[in-house]
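Novice:
In the UniProt record's numbering, the protein residues as written are 1 to 135.
1. By alpha-carbon positions, which one of 98, 65, 58 and 38 ends up nearest to residue 27?
2. Thinking C-alpha only, which one of 64, 107, 31 and 38 is nearest residue 23?
3. Would the beta-carbon of residue 10 fall within 8 Å of that of residue 51?
4. Keeping to the same chain, check which residues put their C-beta closer than 7 Å to that of residue 55; ignore five residues upstream and five downstream.
5. Note down the Cα distance separating residue 111 from residue 97, rounded to an integer number of angstroms.
6. On the DSSP letters alone, give me the boundaries of the beta strand (DSSP E) that residue 27 sits inside.
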């Protein structure tokens with residue numbers, strides 16, 4: 001069930017079915033609770049609707065049984081999602097720049113090797129996917 005929303009998994013439904021009012025659901029790490037702020041909020045709501053608290057072993061501040069703990073949970077959840085999105089944006093920008101630079105380098109190298117050369121340039125032979133042409 002990889003890639004499925006955490007609260008859609010049968011195991012999650014089994015967990016909810018076993019919770020009783022007044023229980024505390026303990027998670028190892030907040031980052032494993034949901035894929036984004038909406039997932040986390042849905043999970044916290046599902047737990048709270050059963051009058052169950054949520055605590056984390058890693059984030060000792062996480063305690064949804066208090067209004068302060070619930071506020072802190074939502075703040076950190078939104079901040080974590082923001083950081084993931086920023087990391088994704090920076091990664092995609094870096095990949096695009098690397099492709100741009102590498103394409104320009106390949107074009108320059110091919111042009112340099114073509115001057116007075118017959119046959120495929122050495123660079124083309126190095127980067128080919130055809131095993132028969134590789135060194």
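We treat Cβ as the ideally placed atom computed from N, Cα and C, and that holds for glycine.
For clarity, every value in this text was computed on a predicted model and none was experimentally measured.
Specialist: Taking the definition as stated:
1. 58
2. When only C-alpha atoms are compared, the closest one is 64.
3. no
4. 24, 26, 62 and 63
5. 21 Å
6. 24-27
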